[in-house]
Amino acid sequence: MSDLKTAALEYHANPRPGKLSVELTKATATARDLSLAYSPGVAEPVREIARDPELAYKYTGKGNLVAVISDGTAILGLGNLGPLASKPVMEGKGVLFKRFAGIDVFDIEVDSESPQAFIDTVKRISITFGGINLEDIKAPECFEIERALIEQCDIPVFHDDQHGTAIVTAAGMINALEIAGKTLPEAKIVCLGAGAAAISCMKLLVSMGARIENIFMVDRTGVIHSGRDDLNQYKAVFAHATDKRSLADALQGADVFVGLSGPNLLSPEGLLSMAANPIVFACSNPDPEISPELAHATRSDVIMATGRSDYPNQVNNVLGFPFIFRGALDVRAKRINEEMKVAAANALRDLAKLPVPQDVCDAYGGAALEFGREYIIPKPMDKRLITLISDAVAKAAIETGVATLPYPKNYPLKSVDDVFNG
(Lines of atoms letter the chains of each structure in order from A and count residues from 1; the text may use other names and numbers.)
(Lines give C-alpha, C1' and ligand atoms only; values in the text may rest on other atoms or scores of the structure.)
Protein backbone atom coordinates (compact mmCIF):
# COMPACT_ATOMS: atom_id res chain seq x y z
CA MET A 1 0.00 0.00 0.00
CA SER A 2 2.89 2.38 0.73
CA ASP A 3 4.26 1.66 -2.77
CA LEU A 4 0.86 2.51 -4.27
CA LYS A 5 0.69 5.74 -2.27
CA THR A 6 4.15 6.79 -3.42
CA ALA A 7 3.42 5.91 -7.03
CA ALA A 8 0.05 7.69 -7.00
CA LEU A 9 1.45 10.88 -5.51
CA GLU A 10 4.37 10.84 -7.97
CA TYR A 11 1.95 10.29 -10.87
CA HIS A 12 -0.19 13.29 -9.89
CA ALA A 13 2.75 15.61 -9.16
CA ASN A 14 5.14 15.01 -12.07
CA PRO A 15 6.27 15.97 -14.65
CA ARG A 16 3.67 18.72 -14.13
CA PRO A 17 0.96 18.87 -11.48
CA GLY A 18 -2.48 17.48 -12.28
CA LYS A 19 -3.86 15.27 -15.07
CA LEU A 20 -5.50 17.73 -17.49
CA SER A 21 -4.37 20.64 -19.65
CA VAL A 22 -5.96 22.97 -22.22
CA GLU A 23 -4.87 22.47 -25.82
CA LEU A 24 -5.14 24.74 -28.86
CA THR A 25 -7.29 23.58 -31.76
CA LYS A 26 -6.44 26.37 -34.24
CA ALA A 27 -3.25 27.74 -35.73
CA THR A 28 -1.55 30.58 -33.79
CA ALA A 29 1.71 30.87 -35.72
CA THR A 30 1.18 34.22 -37.45
CA ALA A 31 -0.15 37.67 -36.73
CA ARG A 32 -3.14 36.88 -38.95
CA ASP A 33 -3.86 33.74 -36.93
CA LEU A 34 -3.96 35.82 -33.76
CA SER A 35 -6.18 38.44 -35.36
CA LEU A 36 -8.66 35.69 -36.24
CA ALA A 37 -8.40 34.00 -32.83
CA TYR A 38 -8.91 37.22 -30.89
CA SER A 39 -9.33 40.87 -31.84
CA PRO A 40 -10.63 41.87 -34.32
CA GLY A 41 -11.74 38.55 -35.85
CA VAL A 42 -13.39 37.13 -32.75
CA ALA A 43 -16.09 39.81 -33.01
CA GLU A 44 -17.65 37.97 -35.96
CA PRO A 45 -18.69 34.78 -34.13
CA VAL A 46 -19.73 36.94 -31.17
CA ARG A 47 -22.21 38.77 -33.39
CA GLU A 48 -23.45 35.53 -34.90
CA ILE A 49 -24.06 33.90 -31.51
CA ALA A 50 -25.83 37.03 -30.25
CA ARG A 51 -28.11 36.75 -33.29
CA ASP A 52 -28.68 32.98 -32.88
CA PRO A 53 -27.54 31.28 -29.64
CA GLU A 54 -27.54 27.85 -31.34
CA LEU A 55 -24.52 29.00 -33.33
CA ALA A 56 -22.43 28.66 -30.15
CA TYR A 57 -22.31 24.98 -31.10
CA LYS A 58 -20.80 25.90 -34.49
CA TYR A 59 -18.28 28.54 -33.46
CA THR A 60 -17.17 27.41 -29.95
CA GLY A 61 -16.28 24.18 -28.17
CA LYS A 62 -19.58 24.09 -26.25
CA GLY A 63 -20.94 21.04 -28.06
CA ASN A 64 -18.05 18.79 -27.04
CA LEU A 65 -17.47 20.23 -23.57
CA VAL A 66 -18.73 18.61 -20.36
CA ALA A 67 -18.49 20.04 -16.86
CA VAL A 68 -17.53 17.51 -14.19
CA ILE A 69 -18.84 19.14 -11.02
CA SER A 70 -18.71 18.21 -7.33
CA ASP A 71 -19.17 19.71 -3.90
CA GLY A 72 -16.88 17.08 -2.37
CA THR A 73 -19.48 15.71 0.06
CA ALA A 74 -19.06 12.05 -0.95
CA ILE A 75 -15.62 11.52 -2.48
CA LEU A 76 -15.16 7.92 -3.61
CA GLY A 77 -15.27 5.88 -0.40
CA LEU A 78 -13.58 8.65 1.57
CA GLY A 79 -16.64 10.69 2.55
CA ASN A 80 -17.10 14.44 2.93
CA LEU A 81 -13.62 15.88 2.52
CA GLY A 82 -14.66 19.09 0.80
CA PRO A 83 -14.62 20.39 -2.76
CA LEU A 84 -10.89 21.07 -3.07
CA ALA A 85 -10.01 17.52 -2.05
CA SER A 86 -12.34 16.25 -4.78
CA LYS A 87 -10.30 17.92 -7.54
CA PRO A 88 -8.02 14.91 -8.28
CA VAL A 89 -11.11 12.76 -8.77
CA MET A 90 -12.80 15.32 -11.03
CA GLU A 91 -9.61 15.62 -13.10
CA GLY A 92 -9.53 11.84 -13.27
CA LYS A 93 -13.06 11.79 -14.58
CA GLY A 94 -11.96 14.26 -17.23
CA VAL A 95 -9.14 11.91 -18.24
CA LEU A 96 -11.65 9.10 -18.80
CA PHE A 97 -14.02 11.30 -20.82
CA LYS A 98 -11.17 12.36 -23.11
CA ARG A 99 -9.42 8.99 -23.35
CA PHE A 100 -12.47 6.90 -24.13
CA ALA A 101 -14.87 9.27 -25.90
CA GLY A 102 -12.90 12.29 -27.09
CA ILE A 103 -14.93 14.64 -24.86
CA ASP A 104 -13.33 17.78 -23.43
CA VAL A 105 -13.84 18.52 -19.74
CA PHE A 106 -13.57 21.38 -17.31
CA ASP A 107 -13.53 20.09 -13.75
CA ILE A 108 -15.37 22.44 -11.38
CA GLU A 109 -15.31 22.19 -7.59
CA VAL A 110 -18.04 24.22 -5.87
CA ASP A 111 -17.68 25.46 -2.29
CA SER A 112 -21.40 25.80 -1.58
CA GLU A 113 -23.10 26.38 1.75
CA SER A 114 -26.27 24.51 0.76
CA PRO A 115 -27.72 22.32 -2.01
CA GLN A 116 -29.64 25.34 -3.29
CA ALA A 117 -26.45 27.38 -3.54
CA PHE A 118 -24.87 24.54 -5.50
CA ILE A 119 -27.88 24.37 -7.84
CA ASP A 120 -27.81 28.14 -8.39
CA THR A 121 -24.08 28.12 -9.15
CA VAL A 122 -24.29 25.27 -11.65
CA LYS A 123 -27.37 26.71 -13.34
CA ARG A 124 -25.64 30.06 -13.86
CA ILE A 125 -22.59 28.54 -15.56
CA SER A 126 -24.44 25.82 -17.48
CA ILE A 127 -24.58 27.80 -20.75
CA THR A 128 -20.82 27.22 -21.10
CA PHE A 129 -21.26 23.49 -21.60
CA GLY A 130 -22.85 20.83 -23.77
CA GLY A 131 -23.48 18.61 -20.75
CA ILE A 132 -23.02 18.36 -16.98
CA ASN A 133 -21.69 15.32 -15.11
CA LEU A 134 -22.40 15.56 -11.39
CA GLU A 135 -20.02 13.61 -9.19
CA ASP A 136 -19.38 12.68 -5.55
CA ILE A 137 -22.40 14.47 -4.01
CA LYS A 138 -23.94 12.83 -0.97
CA ALA A 139 -27.45 11.43 -0.72
CA PRO A 140 -30.21 12.42 -0.36
CA GLU A 141 -29.17 15.92 -1.48
CA CYS A 142 -27.87 14.55 -4.79
CA PHE A 143 -31.40 13.54 -5.85
CA GLU A 144 -32.81 17.03 -5.39
CA ILE A 145 -29.75 18.66 -6.97
CA GLU A 146 -29.98 16.52 -10.08
CA ARG A 147 -33.76 16.90 -10.38
CA ALA A 148 -33.59 20.68 -10.10
CA LEU A 149 -30.77 21.00 -12.62
CA ILE A 150 -32.50 18.73 -15.14
CA GLU A 151 -35.55 20.98 -14.90
CA GLN A 152 -33.60 24.25 -15.11
CA CYS A 153 -30.98 23.39 -17.77
CA ASP A 154 -31.50 22.63 -21.45
CA ILE A 155 -28.46 20.32 -21.66
CA PRO A 156 -27.97 16.77 -20.32
CA VAL A 157 -27.40 16.60 -16.56
CA PHE A 158 -26.26 13.20 -15.30
CA HIS A 159 -25.21 12.11 -11.80
CA ASP A 160 -22.82 9.29 -12.62
CA ASP A 161 -22.63 7.88 -9.09
CA GLN A 162 -26.32 7.10 -9.50
CA HIS A 163 -26.94 6.26 -13.13
CA GLY A 164 -23.53 5.12 -14.36
CA THR A 165 -23.36 2.53 -11.60
CA ALA A 166 -26.96 1.52 -12.29
CA ILE A 167 -26.41 1.04 -16.04
CA VAL A 168 -23.33 -1.14 -15.66
CA THR A 169 -24.90 -3.11 -12.81
CA ALA A 170 -28.08 -3.75 -14.78
CA ALA A 171 -26.14 -4.96 -17.83
CA GLY A 172 -24.06 -7.39 -15.82
CA MET A 173 -27.00 -8.46 -13.67
CA ILE A 174 -29.21 -9.49 -16.58
CA ASN A 175 -26.34 -11.43 -18.15
CA ALA A 176 -25.59 -13.17 -14.86
CA LEU A 177 -29.25 -14.11 -14.45
CA GLU A 178 -29.26 -15.59 -17.95
CA ILE A 179 -26.21 -17.71 -17.14
CA ALA A 180 -27.88 -18.81 -13.88
CA GLY A 181 -31.05 -19.79 -15.76
CA LYS A 182 -33.12 -17.07 -14.11
CA THR A 183 -35.05 -13.98 -15.23
CA LEU A 184 -35.17 -10.44 -13.89
CA PRO A 185 -38.96 -10.39 -13.29
CA GLU A 186 -38.74 -13.51 -11.12
CA ALA A 187 -35.44 -12.80 -9.36
CA LYS A 188 -35.46 -12.08 -5.63
CA ILE A 189 -32.97 -9.26 -5.10
CA VAL A 190 -31.32 -8.07 -1.89
CA CYS A 191 -29.71 -4.64 -2.03
CA LEU A 192 -27.45 -3.78 0.91
CA GLY A 193 -27.21 -0.01 0.96
CA ALA A 194 -29.80 2.68 0.32
CA GLY A 195 -27.77 5.61 -0.95
CA ALA A 196 -27.69 7.24 -4.36
CA ALA A 197 -26.13 4.34 -6.26
CA ALA A 198 -28.27 1.70 -4.59
CA ILE A 199 -31.57 3.49 -5.18
CA SER A 200 -30.71 4.25 -8.80
CA CYS A 201 -29.59 0.67 -9.44
CA MET A 202 -32.86 -0.70 -8.16
CA LYS A 203 -34.92 1.90 -10.07
CA LEU A 204 -33.24 1.01 -13.34
CA LEU A 205 -33.71 -2.72 -12.70
CA VAL A 206 -37.42 -2.03 -12.18
CA SER A 207 -37.48 -0.11 -15.47
CA MET A 208 -36.02 -3.21 -17.13
CA GLY A 209 -38.46 -5.69 -15.61
CA ALA A 210 -37.66 -6.36 -11.93
CA ARG A 211 -40.59 -6.30 -9.51
CA ILE A 212 -40.49 -4.01 -6.50
CA GLU A 213 -42.11 -6.71 -4.35
CA ASN A 214 -39.08 -8.92 -5.11
CA ILE A 215 -36.56 -6.25 -4.04
CA PHE A 216 -35.47 -6.10 -0.41
CA MET A 217 -33.42 -3.00 0.27
CA VAL A 218 -31.47 -2.96 3.53
CA ASP A 219 -30.15 0.17 5.25
CA ARG A 220 -28.46 0.65 8.62
CA THR A 221 -31.77 0.03 10.42
CA GLY A 222 -32.63 -3.14 8.54
CA VAL A 223 -35.00 -4.10 5.75
CA ILE A 224 -36.95 -1.21 4.26
CA HIS A 225 -40.59 -2.21 4.68
CA SER A 226 -44.00 -0.56 4.65
CA GLY A 227 -44.24 -0.52 8.45
CA ARG A 228 -41.32 1.87 8.93
CA ASP A 229 -41.96 5.57 9.58
CA ASP A 230 -38.35 6.76 9.23
CA LEU A 231 -37.99 6.58 5.45
CA ASN A 232 -37.28 9.50 3.13
CA GLN A 233 -39.21 9.70 -0.12
CA TYR A 234 -36.48 7.94 -2.09
CA LYS A 235 -36.26 4.90 0.18
CA ALA A 236 -40.04 4.75 0.56
CA VAL A 237 -40.40 3.77 -3.10
CA PHE A 238 -38.97 0.36 -2.18
CA ALA A 239 -41.00 -0.21 0.97
CA HIS A 240 -43.52 -3.04 0.76
CA ALA A 241 -45.23 -5.44 3.15
CA THR A 242 -42.84 -8.14 4.34
CA ASP A 243 -41.97 -9.91 7.56
CA LYS A 244 -38.25 -9.76 6.75
CA ARG A 245 -36.40 -7.41 9.08
CA SER A 246 -32.67 -8.17 8.89
CA LEU A 247 -30.12 -8.79 6.16
CA ALA A 248 -30.06 -12.45 7.20
CA ASP A 249 -33.84 -12.64 6.77
CA ALA A 250 -33.67 -11.03 3.33
CA LEU A 251 -30.90 -13.34 2.10
CA GLN A 252 -32.92 -16.50 2.71
CA GLY A 253 -33.59 -17.95 -0.75
CA ALA A 254 -32.49 -14.76 -2.54
CA ASP A 255 -31.19 -15.02 -6.11
CA VAL A 256 -29.17 -11.80 -6.12
CA PHE A 257 -27.14 -9.77 -3.64
CA VAL A 258 -26.12 -6.23 -4.62
CA GLY A 259 -23.75 -4.57 -2.18
CA LEU A 260 -23.29 -0.80 -2.33
CA SER A 261 -22.41 -0.37 1.32
CA GLY A 262 -19.16 -1.31 3.05
CA PRO A 263 -16.53 -4.04 3.45
CA ASN A 264 -17.12 -7.53 4.81
CA LEU A 265 -20.87 -7.17 5.42
CA LEU A 266 -21.93 -10.34 3.59
CA SER A 267 -21.05 -13.34 5.71
CA PRO A 268 -20.43 -16.88 4.43
CA GLU A 269 -23.56 -17.93 6.32
CA GLY A 270 -25.60 -15.33 4.49
CA LEU A 271 -24.23 -16.47 1.13
CA LEU A 272 -24.98 -20.09 1.98
CA SER A 273 -28.62 -19.21 2.65
CA MET A 274 -29.14 -17.86 -0.87
CA ALA A 275 -30.74 -19.82 -3.73
CA ALA A 276 -28.84 -22.00 -6.20
CA ASN A 277 -26.46 -20.17 -8.53
CA PRO A 278 -26.46 -17.02 -6.39
CA ILE A 279 -25.36 -13.77 -8.00
CA VAL A 280 -23.22 -11.49 -5.83
CA PHE A 281 -22.32 -7.95 -6.86
CA ALA A 282 -20.06 -6.84 -4.01
CA CYS A 283 -19.25 -3.32 -5.16
CA SER A 284 -17.82 -1.65 -2.05
CA ASN A 285 -14.37 -0.23 -2.88
CA PRO A 286 -11.60 -0.99 -2.26
CA ASP A 287 -12.81 -3.79 0.02
CA PRO A 288 -15.97 -5.60 -1.16
CA GLU A 289 -18.83 -6.83 1.01
CA ILE A 290 -17.31 -10.30 0.65
CA SER A 291 -14.00 -11.13 -1.00
CA PRO A 292 -14.17 -13.22 -4.17
CA GLU A 293 -11.83 -15.76 -2.56
CA LEU A 294 -14.17 -16.25 0.39
CA ALA A 295 -17.28 -16.25 -1.78
CA HIS A 296 -15.92 -18.95 -4.11
CA ALA A 297 -14.62 -20.98 -1.17
CA THR A 298 -18.09 -20.82 0.39
CA ARG A 299 -20.05 -21.72 -2.76
CA SER A 300 -18.79 -23.16 -6.04
CA ASP A 301 -21.93 -22.01 -7.88
CA VAL A 302 -21.64 -18.28 -7.09
CA ILE A 303 -21.44 -15.73 -9.93
CA MET A 304 -19.34 -12.89 -8.57
CA ALA A 305 -18.72 -9.26 -9.54
CA THR A 306 -16.90 -6.49 -7.68
CA GLY A 307 -15.85 -2.90 -8.21
CA ARG A 308 -12.18 -3.90 -8.46
CA SER A 309 -10.07 -4.22 -11.59
CA ASP A 310 -8.01 -7.12 -10.24
CA TYR A 311 -10.93 -9.57 -10.29
CA PRO A 312 -13.20 -10.72 -13.13
CA ASN A 313 -16.49 -8.88 -13.74
CA GLN A 314 -15.58 -5.37 -12.64
CA VAL A 315 -18.57 -3.04 -12.26
CA ASN A 316 -16.83 0.03 -13.65
CA ASN A 317 -18.63 3.27 -14.54
CA VAL A 318 -16.14 3.97 -17.33
CA LEU A 319 -18.07 1.36 -19.32
CA GLY A 320 -20.97 3.79 -19.41
CA PHE A 321 -20.65 7.53 -18.88
CA PRO A 322 -18.14 8.49 -21.66
CA PHE A 323 -20.21 6.77 -24.33
CA ILE A 324 -23.58 7.87 -22.94
CA PHE A 325 -22.46 11.51 -23.09
CA ARG A 326 -20.93 10.92 -26.54
CA GLY A 327 -24.27 9.75 -27.91
CA ALA A 328 -26.20 12.51 -26.15
CA LEU A 329 -23.85 15.28 -27.32
CA ASP A 330 -23.80 14.09 -30.91
CA VAL A 331 -27.57 14.44 -31.30
CA ARG A 332 -27.61 17.49 -29.03
CA ALA A 333 -30.00 15.88 -26.56
CA LYS A 334 -31.70 18.14 -24.03
CA ARG A 335 -31.50 15.45 -21.36
CA ILE A 336 -30.52 11.85 -20.67
CA ASN A 337 -33.81 10.06 -20.06
CA GLU A 338 -34.71 6.60 -18.78
CA GLU A 339 -34.97 5.18 -22.30
CA MET A 340 -31.42 6.28 -23.07
CA LYS A 341 -30.17 4.61 -19.87
CA VAL A 342 -31.97 1.36 -20.72
CA ALA A 343 -30.56 1.50 -24.25
CA ALA A 344 -27.04 1.90 -22.85
CA ALA A 345 -27.53 -1.04 -20.46
CA ASN A 346 -28.85 -3.28 -23.24
CA ALA A 347 -25.98 -2.35 -25.57
CA LEU A 348 -23.46 -3.11 -22.83
CA ARG A 349 -25.21 -6.37 -22.05
CA ASP A 350 -25.16 -7.43 -25.72
CA LEU A 351 -21.50 -6.52 -26.19
CA ALA A 352 -20.48 -9.01 -23.50
CA LYS A 353 -21.91 -11.82 -25.65
CA LEU A 354 -19.85 -10.98 -28.75
CA PRO A 355 -16.46 -12.60 -29.46
CA VAL A 356 -13.74 -10.64 -27.69
CA PRO A 357 -11.01 -9.17 -29.95
CA GLN A 358 -7.47 -10.38 -29.34
CA ASP A 359 -6.20 -6.88 -28.48
CA VAL A 360 -8.65 -6.74 -25.57
CA CYS A 361 -7.49 -10.16 -24.33
CA ASP A 362 -3.87 -9.01 -24.66
CA ALA A 363 -4.61 -5.90 -22.57
CA TYR A 364 -5.74 -8.18 -19.75
CA GLY A 365 -2.80 -10.55 -19.65
CA GLY A 366 -3.66 -12.63 -22.71
CA ALA A 367 -6.40 -14.60 -20.96
CA ALA A 368 -9.18 -15.94 -23.18
CA LEU A 369 -12.35 -13.96 -22.56
CA GLU A 370 -15.77 -15.28 -23.50
CA PHE A 371 -19.31 -14.86 -22.20
CA GLY A 372 -19.71 -16.85 -19.01
CA ARG A 373 -19.47 -16.74 -15.24
CA GLU A 374 -16.20 -14.80 -15.26
CA TYR A 375 -17.09 -12.53 -18.17
CA ILE A 376 -20.56 -10.98 -17.80
CA ILE A 377 -19.46 -7.37 -18.41
CA PRO A 378 -17.18 -6.04 -21.18
CA LYS A 379 -13.73 -4.66 -20.43
CA PRO A 380 -13.06 -0.89 -20.51
CA MET A 381 -10.37 -1.33 -23.18
CA ASP A 382 -12.89 -2.76 -25.66
CA LYS A 383 -12.93 -0.26 -28.55
CA ARG A 384 -16.45 -1.35 -29.54
CA LEU A 385 -17.95 0.43 -26.53
CA ILE A 386 -17.99 3.78 -28.33
CA THR A 387 -19.57 2.14 -31.38
CA LEU A 388 -22.41 0.28 -29.69
CA ILE A 389 -23.30 2.36 -26.63
CA SER A 390 -23.06 5.82 -28.21
CA ASP A 391 -25.12 4.61 -31.16
CA ALA A 392 -27.80 3.07 -28.92
CA VAL A 393 -28.02 6.23 -26.79
CA ALA A 394 -28.21 8.54 -29.82
CA LYS A 395 -30.98 6.45 -31.38
CA ALA A 396 -32.94 6.35 -28.10
CA ALA A 397 -32.66 10.13 -27.78
CA ILE A 398 -34.02 10.58 -31.29
CA GLU A 399 -36.83 8.06 -30.78
CA THR A 400 -37.96 9.68 -27.52
CA GLY A 401 -37.89 13.24 -28.86
CA VAL A 402 -35.13 14.72 -26.67
CA ALA A 403 -32.62 15.02 -29.53
CA THR A 404 -32.42 18.28 -31.48
CA LEU A 405 -30.18 16.97 -34.27
CA PRO A 406 -30.77 14.06 -36.68
CA TYR A 407 -28.79 10.83 -36.64
CA PRO A 408 -25.15 11.85 -37.31
CA LYS A 409 -23.59 11.10 -40.70
CA ASN A 410 -20.46 9.63 -39.10
CA TYR A 411 -22.40 7.13 -36.97
CA PRO A 412 -21.91 4.52 -35.77
CA LEU A 413 -18.50 5.65 -34.55
CA LYS A 414 -15.64 3.19 -34.87
CA SER A 415 -13.18 4.97 -32.58
CA VAL A 416 -12.48 8.20 -30.74
CA ASP A 417 -10.75 9.41 -33.92
CA ASP A 418 -14.12 9.31 -35.70
CA VAL A 419 -15.67 11.89 -33.37
CA PHE A 420 -14.85 14.90 -35.55
CA ASN A 421 -14.90 13.11 -38.91
CA GLY A 422 -18.11 13.80 -40.83
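Letter 236 of the sequence shown, counting from 1, is numbered 1130 in this note's numbering, and no numbers are missing. Virtual Cβ for every residue (Gly too), placed ideally from N, Cα, C. Everything numeric in this text was worked out from a predicted model, so none of it was measured.
Nearest residue (CA-CA) to residue i, options the options
i: residue 1230; options: 1202, 1048, 1071 and 1302; result: 1048
i: residue 1277; options: 1302, 1311 and 969; result: 1311
i: residue 950; options: 1226, 1060 and 1029; result: 1226
i: residue 1155; options: 945, 952, 903 and 973; result: 973
i: residue 1114; options: 914, 1124 and 1201; result: 1124
i: residue 1262; options: 1271, 1249 and 1274; result: 1249
i: residue 969; options: 954, 958 and 985; result: 985
i: residue 1016; options: 992, 1050, 993 and 990; result: 1050
i: residue 1259; options: 1087, 1023 and 1203; result: 1203
i: residue 1237; options: 1285, 1212, 1040 and 923; result: 1285
i: residue 1305; options: 1220, 1233, 1246 and 1296; result: 1220
i: residue 1173; options: 935, 1074, 943 and 1275; result: 1074
i: residue 1274; options: 1210, 1295 and 1296; result: 1210
i: residue 953; options: 960, 942, 907 and 934; result: 942
i: residue 1244; options: 1045, 1064, 945 and 1105; result: 1064
i: residue 1185; options: 1157, 945 and 1163; result: 1157
Under 8 Å between C-beta atoms of residue i and residue j
i: residue 977; j: residue 1014; result: no
i: residue 1149; j: residue 1081; result: yes
i: residue 1142; j: residue 1111; result: no
i: residue 1066; j: residue 1199; result: yes
i: residue 1029; j: residue 1097; result: no
i: residue 1033; j: residue 1084; result: no
i: residue 956; j: residue 1023; result: yes
i: residue 1140; j: residue 1116; result: yes
i: residue 1090; j: residue 1118; result: no
i: residue 1070; j: residue 1270; result: yes
i: residue 1062; j: residue 918; result: no
i: residue 964; j: residue 1003; result: yes
Burial state of residue i (16 or more Cβ within 10 Å)
i: residue 1314; result: exposed
i: residue 909; result: exposed
i: residue 1223; result: buried
i: residue 1283; result: buried
i: residue 995; result: buried
i: residue 905; result: exposed
i: residue 1108; result: buried
i: residue 915; result: exposed
i: residue 1208; result: buried
i: residue 938; result: exposed
Nearest-angstrom Cβ-Cβ length linking residue i and residue j, presumed shorter than 8 Å
i: residue 1268; j: residue 1206; result: 4 Å
i: residue 1321; j: residue 1036; result: No statement about residue 1321 is possible, as the shown extent of the chain runs from 895 to 1316 and does not include it.
i: residue 1026; j: residue 1043; result: 7 Å
i: residue 1152; j: residue 1175; result: 5 Å
i: residue 1095; j: residue 1060; result: 4 Å
i: residue 1193; j: residue 1165; result: 6 Å
i: residue 1171; j: residue 1197; result: 7 Å
i: residue 1099; j: residue 1078; result: 7 Å
i: residue 991; j: residue 999; result: 5 Å
Proximity test, residue i beta-carbon vs the ligand NAP heavy atom, cut-off 7 Å
i: residue 1042; result: Here there are no bound small molecules, and the ligand NAP is not part of this structure.
Specify whether the stretch 1288-1296 and the stretch 1248-1255 touch according to this definition: at least 3 beta carbon pairs, one from each stretch, less than 8 Å apart.
Taking 8 Å as the limit for Cβ pairs, the verdict is that the stretch 1248-1255 does not touch the stretch 1288-1296.
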